[in-house]
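Engineer: Residue numbers (the working numbering): 110 to 621.
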């Protein structure tokens, strides 16, 4: 039997999933790591912790499969979190930890770039909205605030490129991840001269760009032995987790949207060419040369649900631990007792600033409409509705750019919650379909590996392997509440935005 492994490099964990020749899951392993928030606006990861998590996940998934001498791992392929940045000196010693997409310390330099007009010019060529998430902004921050690092930085990589460098000694980045840096011209498929001039970088400081179907196959023997695979096993570069999420749920036809809510979230559609939003609200990232993913990412997804669990539902968290169940299941049962609209309680979920639709790293969360009749159950439901309303706002901008959405495919942790899935169907007033396989990112990576090795001609082959477990139809009895509240949510987000910078500055000034 031949197998392939799909690896999903996430913000807080790395998962490896072993698939057989029929693309069925054989075994999986997941290893987490800390997201360091030592000071306000920081969101970093430790390089060694992520590397060890990768090795351990691969080792465990190989061991769990109990392979015989007749079995073979044909390839390992990657889905990776986007927008990370690591600086290295000329001897490839790291000068920083992994600065992740969630790090917003570059906010002031982002705003300066926007106000200068250069930001819009660069966005029009790179397709990456001007925001602290992007390596473009992070490098401007390093240049100004950490001159010693900037002056000594001979190389810049993201987390996946670092892992490949450590395993193979390579210095390459696939065009999918490159298209999320803010430094890559998506029309000529090369590092953008204007973006380089703004940051003061040279092409030599950035990795060689390659296709998602390229691979390495000469691994350091020490690491191959730890994993338990031959050192010549092909490691396919793969693509960014956002674009691969569309592929993984078979949302690559025009008008078919993929909604993902994990730690963060996004809504995306696929086009056969790059499409730019004149208002700068949506991104355009490559899946490969023929497939471009247009959409909007949100900072605040499952992490906000986790915040509610940790700060308002300690009892349920303890009960779930004693019963060996999931605290989130208990929480959604509590939220389900409250009617649609949370009886007029609105929550703006901007606990970590926000990307789409408002692109404001200073944004902060808030409850609006609280009265004596509201309970923590209302607050919980409003948290879920607030995350959903925010994604709905992104969809309105997306439809201006690409046209009407025909259907929605759902993936990520929220897709396991019947209440949340129904909420999306009701607010969007469209059917929401949940694919059978939850390991969509890893499956999509494996599909890319199959094309890389010549086993399939088109990645559209994935349609055979993505079944539909459930389709949630919108409930008309909930339309009235959501139709009335959605415009209030949107107007409030605009009104509150005038004060976000002030409250964010106050918090930075008075934070411990």
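For every residue, glycine included, the Cβ atom is placed at its ideal position computed from N, Cα and C.
1) If we call anything under 8 Å between Cβ atoms a contact, is residue 551 one with residue 116?
2) Below 8 Å between beta carbons: does that hold for residue 206 and residue 254?
3) Taking all protein chains shown into account, decide if residue 467 is buried (16 or more other Cβ within 10 angstroms of its Cβ) or exposed.
4) Which of the three DSSP states is assigned to residue 487 in this structure?
5) Could you tell me whether the region 154-167 touches the region 199-216, where touching means 3 or more Cβ pairs closer than 8 Å?
6) Would a check of beta-carbon distances place residue 476 closer than 8 Å to chain B?
7) Relative to the C-alpha of residue 189, which candidate in 373, 526, 411 and 351 has its C-alpha closest?
8) Could you check what DSSP says for residue 619 in three-state terms: helix, strand or coil?
9) Just reading off the beta strand (DSSP E) that residue 423 is part of, what are its end residues?
10) In this structure, does DSSP put residue 121 in helix, strand or coil?
11) Rounded to the nearest angstrom, what separates residue 60 and residue 202 at their Cα positions?
12) My parser needs the alpha helix (DSSP H) runs of 4 or more residues fully inside the region 259-341; what are they?
13) Please state the DSSP three-state secondary structure of residue 582.
14) Can residue 496 and residue 410 be called in contact, C-beta distance under 8 Å?
15) Where DSSP assigns a beta bridge to residue 393, which residues make up the other side?
16) Taking 8 Å as the cut-off, decide whether the C-beta atoms of residue 276 and residue 329 are in contact.
17) Just grab the DSSP bridge partners of residue 457 for me.
18) What's the C-alpha gap between residue 347 and residue 399?
19) Out of curiosity, what's the CA-to-CA distance linking residue 211 and residue 469?
20) May I ask you to verify whether the region 495-515 touches the region 236-251, counting CB pairs closer than 8 Å and requiring at least 3?
21) Output yes or no for whether 8 Å exceeds the beta carbon distance between residue 555 and residue 337.
22) Once the 5 residues before and after residue 526 are set aside, which same chain residues still bring their CB inside 6 Å of it?
23) Would you call the region 179-195 and the region 117-125 touching, i.e. three or more CB-CB distances under 8 Å?
Structural biologist: With the given structure in hand:
1) Result yes, Cβ atoms of residue 551 and residue 116 sit closer than 8 Å.
2) Taking 8 Å as the Cβ cut-off, residue 206 and residue 254 do not qualify as a contacting pair.
3) buried
4) In the three-state DSSP reduction, residue 487 falls in the helix class (H, G or I).
5) Counting Cβ pairs under 8 Å, three or more are found: they touch.
6) Protein chains in the displayed structure number just one, and chain B is not present.
7) 351
8) DSSP places residue 619 within a helical segment (H, G or I) once states are collapsed to three.
9) Premise fails: residue 423 lies in the alpha helix (DSSP H), 423-432, not in any beta strand (DSSP E).
10) coil
11) Residue 60 lies beyond the residue range present for the chain, which begins at 110 and ends at 621; the question has no answer from this structure.
12) 268-277, 284-287, 302-308 and 330-336
13) coil
14) yes
15) 403
16) yes
17) 475
18) 14 Å
19) 12 Å
20) The answer is no - the region 236-251 does not touch the region 495-515, with fewer than three Cβ pairs under 8 Å.
21) no
22) 441
23) Counting C-beta pairs closer than 8 Å gives three or more between the region 179-195 and the region 117-125, which meets the contact rule.
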